[in-house]
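Residue numbers (this note's numbering): 9 to 293.
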Amino acid sequence: MYRIIKNVKEDDQLRASFNKLAEETFGLNFENWYQNGFWNEKYIPYSIVKDNTVISNVSVNIMDMLWDGQLKHFIQLGTVMTDKAYRGQGMIRQIMKEIAADYEKKTDGMFLFANDSVLDFYPKFGFVKAKEYQYSREVDSQQEAACVSVPMKNKNDWSKMESRIKNSRFRGRFDMVNNSDLIMFYLSQFMQENVFYVEKSDAYVAAEVEADEVFLHAVFSEQPVEPEDVIPAFGKEIKRVTLGFVPQNTEKYQCTERHEEDTTLFVKGFDFESGKLMFPTLSHA
């Protein structure tokens with residue numbers, strides 16, 4: 009007997025089963041995120057359960073985005089997975105219909121990131137492919153490095169960082185708001201070594217540095233800070249910066265179509281391409 013359970017978070021057995029399937033499918037496990045208090049009501053797995061075991065799932069992520077100053081309410085679908093023994097039985101289709109019934113009239117649109125094996129699947133539910141655009145620029149700074157690494161190793165580090173994110177002034181043309189929990193999914197796990205502090209701007213920065221390039225995922229500050237204010241702090245060796253978000257002022261940047269291997273953006277219910285935007289990298293769920 010199959011049944012759809014909406015949110016397995018508080019059931020220890022079902023949550024463990026959900027994590028097991030996520031580990032087998034994506035190499036992901038949400039248990040630390042849960043135990044550290046970051047899994048909240050905005051991440052809602054819709055799981056098909058058989059004999060107290062999660063065999064298929066699509067997760068709803070409630071996403072508030074500030075789009076050119078206007079607050080938009082979106083739903084991002086993610087963690088789409090089915091146990092190998094039950095594939096081909098229409099389970100994801102069943103869950104998608106359930107989600108549509110629950111949310112389509114309560115949101116400004118839905119989106120998801122699909123791998124190449126399912127590009128023909130989501131159009132059956134009204135989703136269409138959409139392009140993203142990324143912003144980058146050359147850097148010519150003579151400043152010595154002035155940013156300090158701030159490792160995210162324990163709950164004390166995470167608590168301080170979460171507070172800064174919650175009190176940060178949002179920037180850019182298209183930003184995720186009111187969702188420090190999703191950002192902490194990254195910073196408390198995969199990106200523990202990717203947080204820096206720039207004293208001059210009193211800003212924390214999530215970034216990846218490789219050779220002479222910086223990928224700037226996000227800037228967190230209580231006062232407005234432009235990317236140009238923190239980029240020089242990475243030192244004169246840096247020759248190029250790429251942003252993981254859309255800056256408010258794009259004139260100084262080269263705009264190029266974003267391509268990510270085995271990943272295609274699908275949207276439903278809204279026009280995304282005309283603004284030459286991208287979903288912030290730390291908003292992917």
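We put the beta carbon where it would ideally sit given N, CA and C, even for glycine.
- Note that the C-beta distance between residue 57 and residue 85 is not below 8 Å.
- Residue pairing by DSSP places residue 147 opposite no residue, since no beta bridge is assigned to it.
- In this structure, DSSP gives residue 27 a helical state, which the three-state scheme calls helix.
- If you draw a 10 Å sphere on the C-beta of residue 289, you find 16 or more other C-beta atoms in it, and that means buried.
- DSSP, reduced to helix, strand and coil, places residue 261 outside both helices and strands of the structure shown, so it counts as coil.
- Assigned with DSSP and collapsed to three states, residue 53 falls in strand.
- DSSP places residue 109 in no beta strand (DSSP E) but in the uninterrupted alpha helix (DSSP H) bounded by 99-111.
- Straight through space, the alpha carbons of residue 65 and residue 94 are spaced by roughly 12 Å.
- Within 10 angstroms of the beta-carbon of residue 155 lie 16 or more other beta-carbons, which makes it buried.
- Leaving aside the five residues that flank residue 250 on each side, the residues in its chain whose CB is nearer than 8 Å to its CB run, in chain order, 142, 143, 144, 221, 222, 223, 224.
- Judged by DSSP in its simplified three-state form, residue 158 adopts coil rather than helix or strand.
- Counting every other CB atom within 10 Å of its CB across the protein chains shown gives residue 127 a total below 16, marking it as exposed.
- Counting along the chain, residue 78 sits inside the beta strand (DSSP E) bounded by residues 78-90.
- Annotation: residue 270 is outside any alpha helix (DSSP H) and is labelled neither H nor E by DSSP.
- Following the DSSP letters along the chain, one finds residue 167 in no beta strand (DSSP E) but inside the alpha helix (DSSP H) bounded by residues 163-174.
- A distance below 8 Å separates the beta carbons of residue 274 and residue 119.
- In the DSSP assignment, residue 188 falls within the unbroken alpha helix (DSSP H) covering 188-193.
- For residue 238, the enclosing alpha helix (DSSP H) stretches over residues 235-238.
- Exclusion of the five residues before and after residue 99 leaves 56, 64, 90 as the residues of its chain whose Cβ lies within less than 6 Å of its Cβ.
- Only exposed fits residue 131, as fewer than 16 other CB atoms lie within 10 angstroms of its CB.
- The three-state reading of DSSP puts residue 93 in helix, counting H, G and I together.
- According to the DSSP assignment, residue 207 belongs to no alpha helix (DSSP H), since it is labelled neither H nor E.
- Here residue 271 is exposed, its C-beta having fewer than 16 other C-beta atoms within 10 Å.
- Residue environment analysis places residue 71 among the buried positions, since at least 16 neighbouring C-beta atoms fall within 10 angstroms of its C-beta.
- The three-state reading of DSSP puts residue 48 in coil, since its state is none of H, G, I, E or B.
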